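To start, the structure itself, in structure tokens.
2 protein chains.
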Amino acid sequence: MAISRVNIDIQNERDRASFNSEGLTYIIHGEFATRRRRYIENLVEKDPDFDGPCLYYLSRDEIYEEGIRRQSLFIRKIAEYGLDTEEEKLWMSNAIFGNNSNPMSLHSSMFLPTLVSQASEEQLQRWLPAARKFEIMGTYAQTELGHGTFLRGLETTATYDGKTDEFVLNSPTQTSYKWWPGGLGKTSNYAVVMALMFINGINHGPHPFMVQLRDLRTHEPLPGITCGDIAPKFGFNMIDNGFLRLDHIRVPRDNLLMKNVMVLRDGTYIKAKHDKLAYGGMVFVRATMIERAVYKLLAQAVTIAVRYSCVRRQSQLKPGQPEVKVLDFVTQQMRLLPQISLAYAIKFAGRQMHEMYQTITQDISGGNVDSLPELHGLSSGLKALTSDEMRVAIEECRLCCGGHGYAQYSGLPQIYVQAVAACTYEGENYVMYLQCARYLMKCVDMINKGSPLPPTVSYLSREFPLCLIDQGVQLEPLLNAFKHRAKRLVSKAAQNLTRLRSQGLDQHEAWNQAHPYLVKAAKVHVQQYMLQAFADKISPISDPKIAAVLKNLILLYGAKDIIDNSGDFFEDGFLAPKQFQYVQEKFSALLKEIRPDAVALVDAFDFSDRSLGSEIGSYDGNAYERIVEFAKKSPLNKHEVHPAIRKYLLPRGTASKL
Amino acid sequence: MAISRVNIDIQNERDRASFNSEGLTYIIHGEFATRRRRYIENLVEKDPDFDGPCLYYLSRDEIYEEGIRRQSLFIRKIAEYGLDTEEEKLWMSNAIFGNNSNPMSLHSSMFLPTLVSQASEEQLQRWLPAARKFEIMGTYAQTELGHGTFLRGLETTATYDGKTDEFVLNSPTQTSYKWWPGGLGKTSNYAVVMALMFINGINHGPHPFMVQLRDLRTHEPLPGITCGDIAPKFGFNMIDNGFLRLDHIRVPRDNLLMKNVMVLRDGTYIKAKHDKLAYGGMVFVRATMIERAVYKLLAQAVTIAVRYSCVRRQSQLKPGQPEVKVLDFVTQQMRLLPQISLAYAIKFAGRQMHEMYQTITQDISGGNVDSLPELHGLSSGLKALTSDEMRVAIEECRLCCGGHGYAQYSGLPQIYVQAVAACTYEGENYVMYLQCARYLMKCVDMINKGSPLPPTVSYLSREFPLCLIDQGVQLEPLLNAFKHRAKRLVSKAAQNLTRLRSQGLDQHEAWNQAHPYLVKAAKVHVQQYMLQAFADKISPISDPKIAAVLKNLILLYGAKDIIDNSGDFFEDGFLAPKQFQYVQEKFSALLKEIRPDAVALVDAFDFSDRSLGSEIGSYDGNAYERIVEFAKKSPLNKHEVHPAIRKYLLPRGTASKL
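Here's what the structure looks like:
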């Protein structure tokens with residue numbers, strides 16, 4: 188739809204912004220990367236090969252077919268356009284698939300990284316070139332129908348047969364079927380399969396095996412392989428998440444990925460130097476998913492809701508006056524503006540995490556794995572908290588758009604269904620909170636033993652005797668308040684563990700009974716990390732206008748958390764009622780200050796209309812015209828009288844009776 | 188799928204329950220109604236006419252066709268089976284449509300009730316018989332593309348033409364198109380259209396007009412009528428929510444619904460005796476939707492999640508022991524068991540509201556409208572709070588089912604998308620909170636003037652000097668704590684209004700700035716109503732075992748709220764830290780006490796497997812077998828090699844290169 192004119196209501200918002208949104212875009216994404224991404228998005232935009240049907244009207248089968256069509260285009264076009272960095276390919280994929288993941292997404296996000304981190308040099312030479320050219324189309328098969336979280340509970344077995352120098356992979360039960368891997372059902376011809384490795388009757392636990400699933404020429408499943416689609420999901424329906432049954436499949440011994448472990452011809456098992464090395468891959472995925480998926484989907488939802496709230500006029504502030512933009516109602520501000528803060532907070536915390544990951548992996552290459560537990564604990568908690576908050580925030584954005592937010596044409600339902608998956612994949616969030624809490628409890632032990640603490644938890648041994656929040660509600664006192672709360676509630680969780688042990692519960696039962704305190708401890712620890720990371724990332728910003736508006740966002744983020752969880756601060760008397768009132772008043776004042784910059788703040792996320800996929804959140808703000816154009820194309824409108832009405836309702840001959 | 192054996196894990200749960208779930212079913216639903224509903228469900232279950240395709244695989248157009256097919260069956264079968272009460276028809280409709288609403292749902296839920304409450308006797312005689320026989324298929328057209336909440340902002344006009352004794356209905360702009368009404372797009376042939384009534388240039392505000400949309404014989408739209416489907420939504424896709432453009436449509440003067448107002452031949456306008464009478468219909472819908480939609484969808488989600496959590500085994504509580512039911516983890520208990528409480532709380536509060544509605548409408552027939560503002564304020568707040576909490580709770584249930592909760596076969600995504608609509612329809616929730624708050628602020632004025640308060644707000648003038656929560660955490664102190672909090676925060680909102688006025692803001696601006704306090708006041712007022720209603724409804728229960736378990740549920744409900752919102756109780760020093768600790772410990776103790784009854788508590792909701800539509804939440808607990816059977820039927824599994832792979836990926840001739 189070509190609408191060149193920009194809605195005057197949204198133009199006015201841009202004209203009165205206090206800062207240059209393009210400058211903020213460069214801070215968020217980098218100037219060169221922004222230009223390069225836009226260039227690639229523009230290629231896709233202008234290439235008619237990428238035009239396709241509206242997905243909302245397709246059956247599941249047709250959606251999958253469209254996914255495969257786009258995937259084949261993706262493979263061809265990255266070669267044609269000469270895109271070869273992972274980042275460029277990702278931009279291209281995002282431009283092509285929008286908020287629908289592609290059927291081979293696990294090929295890039297899990298299969299290739301697993302090969303790189305787990306396969307020996309010889310194995311890499313054997314498989315990587317073909318996989319890079321998509322001749323091998325791979326997936327990563329770990330989860331089973333009856334087994335997710337608990338890796339040691341997997342049932343798939345890989346038994347070494349010394350006579351033939353092969354592993355025999357088998358699915359002994361229905362609950363052992365591999366279940367969920369993306370692209371496993373119909374698309375992939377290879378998989379890395381996690382299976383319990385048995386050698387001479389000894390269970391060595393889960394290990395990764397390269398397994399060919401389908402004939403490379405005919406794509407028919409190989410003998411003994413049964414695989415298929417697991418049926419539709421809330422979202423991700425372009426992907427054939429699949430099941431796999433292995434019936435005594437034989438693979439050569441050296442299909443076990445052997446970078447970190449080895450099995451010799453005689454069955455001798457040589458263990459990894461560090462059994463924590465397996466963490467690396469998971470941590471990498473969690474670190475990148477925070478910036479790529481969690482931030483991105485939230486920022487998209489906020490962009491749509493904020494823009495729409497500036498073109499939607501509804502009700503009067505004063506009787507007799509014209510209807511006002513809904514973002515001028517304080518209810519709308521208090522629901523939406525904190526979501527802008529959250530998107531920035533997640534972006535900056537995700538980046539900080541990513542940098543920490545890079546530093547620590549360098550240490551690991553140098554043989555130093557000391558920081559792995561810290562990284563693992565923090566990344567678990569951060570993945571859980573950011574995805575939980577993102578999920579709630581996206582839904583708030585959707586609800587803020589009223590009825591139109593419930594329509595698919597808003598783009599928001601599709602964003603939501605993609606987003607919520609992040610609460611479950613790569614580690615169910617409550618399992619993640621508990622992993623983070625387990626690390627925190629170890630830190631408490633370290634404090635009790637007088638051992639020094641790693642940087643991200645060092646605050647646990649500091650003192651925060653007084654809440655310093657005054658009328659101004661400055662950043663430093665907020666940071667202190669968050670650290671004090673986290674320290675107190677981490678300590679409270681540890682005390683509850685001790686109390687439960689002292690009541691006679693064994694260690695495991697006490698751990699279970701202390702769950703409510705442990706989850707809380709993990710959440711508030713991560714909250715203080717996010718606030719600190721946000722603060723760290725904005726302090727070097729030199730543009731004073733941008734620095735000022737981001738400063739307001741971080742204050743809003745902090746104030747909102749204190750208001751929502753004031754009991755955390757009141758319980759021990761740390762926060763005084765008067766201070767709470769300052770925070771509430773500051774919250775209101777911040778809404779007022781940030782309101783004029785709302786559109787510029789979401790413009791700075793720099794999403795193209797194509798990537799938003801929203802008729803109500805487009806850059807030009809012409810929501811109503813776009814909605815009407817969109818609705819006209821509904822297939823139900825092809826006939827004035829729908830065939831189903833003729834078939835089922837008209838034969839009753841109603842009219843004659845009237 | 189015929190599985191007769193019940194999963195032993197779930198059978199054990201039932202065997203060890205402390206009470207008879209059938210007895211609780213009768214308390215919730217009534218014994219006779221339960222038997223009658225089961226009888227009707229059984230008719231549908233056994234009638235092969237109702238067999239149909241799996242909706243997850245259909246295109247939007249096919250889903251609509253299936254909806255119309257079922258609707259035509261519904262019309263035929265209610266006659267065949269001789270079902271004639273509204274309740275019986277509703278059960279039948281639920282049995283046929285499950286969690287998909289039918290394309291004519293507004294015919295029964297809005298069109299007929301509007302006729303009954305707004306049409307004169309003569310008009311009823313003219314239209315009602317044909318409408319009851321579905322010859323007239325009606326909808327209710329109020330919302331417009333650009334206008335929802337603010338009724339006076341509607342743009343559709345109905346201008347009286349005295350020369351011809353007709354009203355001329357017109358859509359002057361694109362934003363005036365009627366937008367959203369269910370069944371408006373393709374199904375309905377009549378609509379009650381809300382339009383601004385102009386007589387001799389005077390705007391008398393919105394009034395309801397009966398408008399014929401389509402020819403009763405051919406179903407073609409009449410001249411001047413443009414209508415169609417507004418495209419797919421998050422859910423409700425069996426319904427053709429529609430748009431309508433009226434181009435100077437002429438209807439006789441007496442198509443204005445004239446029970447409460449009249450326009451005479453000469454254009455004289457005779458107003459309603461009570462302009463608050465229009466509230467009645469809205470309040471009725473809100474009162475019934477709490478029991479019918481909000482309670483029902485939540486109870487279904489809880490049923491699925493609790494049953495699944497008792498057949499899903501994952502991880503070990505102690506190393507070396509078998510994997511445990513996930514409901515034995517305290518994280519799972521703290522996430523799920525409060526949702527059982529909430530479902531019961533909503534059920535009982537909804538019933539209390541319904542009874543209040545019935546009492547007050549009797550008063551109104553007797554000419555007494557004094558209680559309407561109380562009913563309107565409370566029902567607005569209750570609609571908003573229950574639907575918000577239900578939405579969050581359903582999603583928690585879904586997330587508690589891990590990956591399988593993300594699959595459509597769990598039934599949970601479908602429940603969620605139906606459920607969230609309730610936060611927007613019949614009044615956007617934040618608008619509802621503010622309407623409730625407006626009533627509460629009037630109550631504060633009444634207190635200041637020394638006027639007596641209506642029953643549901645009388646606690647606002649009581650004193651609650653001390654928090655009486657002790658180690659036992661009994662019900663009475665919880666009720667008092669909830670009332671104290673509501674009273675304090677209602678008063679705080681009023682003080683903030685005064686403070687803002689004293690800063691020089693006018694009344695409307697002060698109201699806007701006070702939104703955060705007003706919303707909070709409304710929420711905590713409704714919370715205390717719900718706790719009290721829950722308490723009132725369980726106190727007469729004579730079965731001691733059932734009374735005991737419901738008592739635990741209400742305590743859990745109260746304890747959870749205090750834990751989640753402890754600041755509300757700490758802020759003024761009402762709650763002491765020691766008391767908070769009692770509440771936290773009681774919360775843990777209650778989880779432990781309620782855990783063994785979890786399955787019996789959800790069994791008592793008495794949903795048939797058909798109505799749940801869940802492979803993981805069926806009564807027999809055979810989740811995995813059902814999932815596998817379901818997945819096998821995915822259309823993607825029709826061919827071993829999907830045609831899209833042949834079409835797009837195989838031509839690259841990958842294999843030859845390997």
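Residue numbers (my numbering), protein chains in the order written: chain A, 188 to 845; chain B, 188 to 845. Don't be surprised by glycine CBs; every beta carbon is placed ideally from N, CA and C. Since the structure is predicted, the reported quantities are computational estimates derived from the model, not experimental observations.
query                                                                                                         : result
Interface residues of the segment 788–815 of chain A facing chain B [CB-CB below 8 Å]                         : TYR811, GLU812, ILE814, VAL815
Members of the segment 485–503 of chain A that neighbour chain B once the beta carbon cut-off is set at 9 Å   : ARG499, ARG500, GLN501, SER502, GLN503
Beta-carbon neighbours of ILE832(A), restricted to chain B and to distances below 8 Å                         : ILE255, LYS373, THR374, HIS406
Buried or exposed by the 16-neighbour rule on C-beta atoms within 10 Å, applied to ASP427(A)                  : buried
Any C-beta of chain A under 7 Å from that of TRP367(B)                                                        : yes
Distance between HIS712(A) and ASN616(A) (C-alpha atoms, nearest Å)                                           : 15 Å
VAL489(B): first and last residue of the uninterrupted alpha helix (DSSP H) it sits in                        : 483–498
Best match in ILE741(B), GLN605(B), PHE284(B) for proximity to LEU777(B) [C-alpha to C-alpha]                 : ILE741(B)
Against chain E: residues of the segment 577–606 of chain B by CB proximity under 7 Å                         : Of the protein chains in the structure, A and B, none is chain E.
Paired residues, beta bridge with MET384(B) - DSSP                                                            : ALA345(B)
Residues of the segment 302–319 of chain A whose Cβ lies closer than 7 Å to any Cβ of chain B, in chain order : ALA317
For VAL438(B), three-class secondary structure by DSSP                                                        : strand
Cβ of LYS512(A) within 7 Å of any chain B Cβ                                                                  : no
N- and C-terminal bounds of the beta strand (DSSP E) containing PHE792(A)                                     : Taken as a continuous stretch (DSSP letters only), PHE792(A) belongs to no beta strand (DSSP E), as it is neither H nor E.
Candidates SER295(B), PRO300(B), SER292(B), HIS435(B): closest to SER358(B) by CA position                    : HIS435(B)
Beta carbon of ALA709(B) nearer than 7 Å to that of GLY808(B)                                                 : no
Assigned secondary structure, TYR213(B) (DSSP; H/G/I helix, E/B strand, else coil)                            : helix
7 Å Cβ cutoff, THR573(B) in contact with chain A                                                              : no
Backbone CA spacing between CYS623(A) and GLY614(A) [nearest angstrom]                                        : 12 Å
Own chain, CB closer than 8 Å to VAL472(A), minus 5 neighbours either side, in chain order                    : SER296, MET297, PRO300, GLU613
Residues near VAL498(B) by beta carbon distance below 7 Å, same chain, minus five either side                 : ASN194, ASP196, ILE197, GLY808, ALA810
Which listed residue (SER558(A), ALA609(A), GLY592(A)) has its alpha carbon closest to that of MET577(A)      : ALA609(A)
Beta-carbon spacing of ILE355(B), ARG440(B) below 7 Å                                                         : In the sequence under discussion, the amino acid at residue 355(B) is Val, which differs from the Ile named in the question. Contact flag unset, no.
Contact with chain B by GLU758(A), beta-carbon distance below 7 Å                                             : yes
Proximity below 7 Å, CB of THR336(B) to CB of VAL607(B)                                                       : no
Euclidean distance between Cα positions of THR413(B) and LEU705(B)                                            : 42 Å
Any chain B beta carbon closer than 7 Å to VAL193(A)                                                          : no
7 Å Cβ cutoff, CYS610(A) in contact with chain B                                                              : yes
Beta-carbon proximity check, PHE792(B) vs GLY754(A), cutoff 7 Å                                               : no
C-beta neighbour in chain A for ILE436(B), strict 7 Å                                                         : no
CA-to-CA distance, ASP632(A) to TYR626(A), given in whole angstroms                                           : 10 Å
Buried versus exposed, by CB contacts within 10 Å (16 or more), HIS826(B)                                     : exposed
Neighbouring residues, chain A, relative to ASP348(B) (Cβ below 7 Å)                                          : Residues of chain A passing the Cβ test: none, with the nearest at roughly 26 Å.
8 Å Cβ shell around THR330(A) - same chain, five flanking residues per side excluded                          : LYS365, TRP366, TRP367, PRO368
Through-space distance from ALA668(B) to PHE761(B), alpha-carbon basis                                        : 8 Å
Neighbouring residues, chain A, relative to ARG247(B) (Cβ below 8 Å)                                          : TYR243, TYR244, SER821, PRO822, LEU823
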